[in-house]
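Encoded as structure tokens, the structure appears first; notes follow it.
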Amino acid sequence: MSESSVSHPAPPESAVRAAAGGAGGGPGRPSWYRRPGGYLTAAAAVVLLAIPFYVEVFWLQAGLFAMAAAIGAIGLNLLTGATGQLSLGHAFFIAVGAYGYVAMAAEPAGGGGELLGLGLPTPVAMVGAVLLAGLAGLAFSPIAGRVSGIYLGIASIALVFIGQHLLFNAASVTGGFNGRIVPEFTLLGLSFADTPELVLAGVPFGALERLWYLGLALAAGSALFARGVLRGRPGRAMNTIRDHPTAAAVIGIPVARYRAGVFVLSSMYAGLSGVLLALVFQQTVPDYFDLFLSLDYLAMIVIGGLGSVGGAVLGGVFVALLPQVLTRYADSLPLVVAAGTGDGLAPAEAARILYGAAVVAVVLFIPGGLLPLWQRCRDAVARPRPNSAPPPSDDKEKTR
Amino acid sequence: MIKLLELLVNGVSIGAVYALIALGFVIIYRATEVVNFAHASLVLVGGYITAVTHQHIGFWPALGLGIAGAAVLGAALEFLLIRRSKAENRHILAIATIGIDIVIIAQLTRMIGADVLAMGDPWQNQVVRIGEVSIAQTRIAAFVIAALVLTGFVLAFKYTSWGLSMRAAAEDDETASLMGVRLGRVSMSAWAVAGGLAALAALFLTVFPTPGLDRATSLAAIKAFPAAIIGGLDSTNGALAGGLIVGLTESLVTGYQGDLTFLGRGLGEVAPFIVMVAILLIRPTGLFGVKETARV
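Residue numbers (the numbering used here), protein chains in the order written: chain L, 28 to 427; chain S, 79 to 374.
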């Protein structure tokens, strides 16, 4: 599957392999500018870059949530989708990232310095928070390496509960129940905040507009890195571990070390996602990082498609945007009413029900998730074969 | 000393309730190899039915209705989801049960709202005094009923033809099927039994000293996860042991919280999870779980 979709900037050897093995022995893959995917990617990039000039703050915020969710979902998909290790502890690592950033970037605060802060430069704090999340994952690696599948899934629930306990009780670091104000991100003298004012092409560039580009850069970088991991040697090892741990061990893959390593990597992704979330929220609240957040992330990767970067992004965007969109259009939707009024569904509840049902529907009817479905549609549109003798369904059977 | 005794009694009692839920996990896991993350919603459904019907039909019929309702829901999940799914990987089915859980819990919390529903149990808040030890009647009832049900289940599992076909299906479903075990019926009955047990547990999770059924009750059900894992997901005896360990841990840590303030408030909620992680470090498949072996 993944071999046949190797794309343009690949090193020579894998390009050769893709040409030889791709598309059932047909002609080699065309250059990127001849493929519809290339145009789509370029168009999507242009649209994404232009968005802050055109849309209102609400959509920027929703989009940033979606980017943060996508980063976290990519990490979880490396772990659960590609390596077959179920984790319900993602919320914990997202919290570590968010609070790690705050604690490292903030100056010691409060009248008598009750709140700890290292006062580091914010980019350093961001990297530090990601590393801290990785360390937290490493601390769990004796479990993550040895315990597999469902047992790991339930063991990682422990992380969420322990994490919430810490968030509420370690008040000198986390600010306790009320959480902490998130310091604004500053990169090379540019502050990602509403002040100082900045106007580009007649559009006032506030915190969200600026963060948009930071989020895009982080999300794109995360996606590319994960794609590299999945398409290289480690990715094959991970898939082998998922499909057959014993066989993986027999052919010399250090299974426990890989499992632990992927767990650490996925924790770092969660940490980065947490940093971005904190920057958008501007305040961290412990209640947010609960078991339901972990469940949200599992829903994302199942809906999007297990094991692929694109699936994680698609699912992340879907699950993150759904409640926002429902909130926004609560007035014009049947059954949905604004939160706290009347006896209709509140938007958040409606979103939960919708994506819970989506998870079930995906498992039952489109195993593989939305991404393969979308790819199939795209291919069907892009390569119409009017007079081909063997019906296309034959082709599908073979690839299955 | 008195305090310790009281805590032990309470711990055993609540442990028996966790064992009911954990046993549900184990039965479902043995019969269908799926971890049912929707178990919390079975608990909540059972409790909710009991809570809203007891004023109209009396407590015991309401409890029966709750148990029946959760059992039907369990069977329906098996019939509509597990049997229909073509997913070969059972983990994916487990994630699908998460989806179901999200839907049912969202709907039920909406119906419950901010209310705390009374269960209408006959024990109310009465306390029995044995010497200097005082125990809530509900805790005695929880222990006695749970112990009876658990014993009944273990006996049925061992001696009835239903139990035999359950065990046969768990051992090797293909062979069992060839020998005339109807796998569909076995797995559906497993889900129904687990639902019934969950509804019974819901009652004892929400009676005195707990205020009643509210939207947080499903979280209490999640504490049975460590119970099932500590014992081993495929061991019925393990579920009982795990339930007791979780119950005692929670009760003792909560009881002696005053001496543990440096670890923060609300430690009793977290302690069972810490115990679970510690046990998994030593035995990755729980205390009584079968160690995975692979033939190549």
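All C-beta atoms in this analysis are idealised placements derived from N, C-alpha and C, irrespective of residue type, glycine included.
Ranked by how close their Cα comes to the Cα of V331(S), the residues R343(S), W138(S) and L359(S) have R343(S) in first place. Judged by their CB atoms, I160(S) and G144(S) are not nearer to each other than the 8 Å cut-off.
Going by C-alpha positions, T238(S) is about 29 Å away from A299(S). Taking 3 residues as the minimum length, the segment 287 to 352 of chain S contains no beta strand (DSSP E) run wholly inside it. DSSP, reduced to helix, strand and coil, places I213(S) within a strand of the structure shown. Ranked by Cα distance from Q112(L), the options I177(L), A339(L) and L372(L) are led by I177(L). Taking 7 Å as the Cβ-Cβ cut-off, the segment 276 to 297 of chain S has no residue approaching chain L.
Per the DSSP secondary-structure output, V206(S) pairs in a beta bridge with I213(S). With a 10 Å radius around the Cβ and a threshold of 16 neighbouring Cβ atoms, R237(L) comes out buried. With a threshold of 16 other beta carbon atoms within 10 Å, Y285(L) meets it and is buried. The Cβ of H117(L) sits no closer than 8 Å to any Cβ of chain S.
Under the three-state reduction of DSSP output, S199(L) falls in the helix class.
The beta-carbon of L159(S) is placed less than 8 Å from the nearest beta-carbon of chain L. Nearest in C-alpha terms to R355(L), of all of I393(L), G395(L) and W86(L), is W86(L). Per DSSP, reduced to three states, the secondary structure at I208(L) is strand. Counted as a single uninterrupted DSSP element, the alpha helix (DSSP H) harbouring M131(L) occupies residues H117 to A132.
Within its own chain, no residue has a Cβ closer than 6 Å to the Cβ of G259(L) once the five positions on either side in sequence are excluded.
By the neighbour-count criterion, in which 16 or more other beta carbons inside 10 Å mark a residue as buried, S114(L) falls on the buried side.
When Cβ-Cβ separations below 8 Å define contact, A384(L) makes contact with chain S. Among the bridge pairs identified by DSSP, S218(L) is matched with T213(L). Secondary structure at T128(S): helix, using DSSP grouped into helix, strand and coil. Rounded to the nearest angstrom, the Cβ distance from A97(L) to Y324(L) is 11 Å, too far for a contact under 8 Å. At a cut-off of 8 Å between beta carbons, R188(S) contacts chain L. Rounded to whole angstroms, L360(L) and A184(S) show a C-alpha spacing of 19 Å. Contact annotation, T131(S) with A118(S): C-beta distance approximately 21 Å; criterion of less than 8 Å not satisfied. Legend: CB atoms of the segment 167 to 198 of chain S lying less than 9 Å from CB atoms of chain L belong to residues N167, R168, H169, I170, L171, A172, I173, A174, T175, I176, G177, I178, D179, I180, V181, I182, I183, A184, Q185, T187 and R188. With a threshold of 8 Å between beta carbons, E83(L) makes no contact with chain S. In the structure shown, Q309(L) adopts coil according to DSSP, grouped into three states. Cβ contact annotation for N104(L) (same chain, cutoff 6 Å, sequence separation greater than five): I328 and A339, in chain order.
Under the DSSP assignment, W86(L) falls in the alpha helix (DSSP H) whose first and last residues are V84 to L103. The beta carbon of F188(L) sits closer than 8 Å to some beta carbon of chain S. Using a Cβ distance threshold of 8 Å, I182(S) and V387(L) do not count as a contacting pair. Against A326(L), the close residues of chain S are I173, I176, G177 and I180, in the order they occur along the chain (beta-carbon pairs closer than 9 Å). The residue from I352(S), A174(S) and D251(S) with its alpha-carbon nearest to that of G395(L) is A174(S). For Q185(S), the enclosing alpha helix (DSSP H) begins and ends at R168 to I190.
DSSP places D270(L) in the uninterrupted alpha helix (DSSP H) bounded by R260 to D270.
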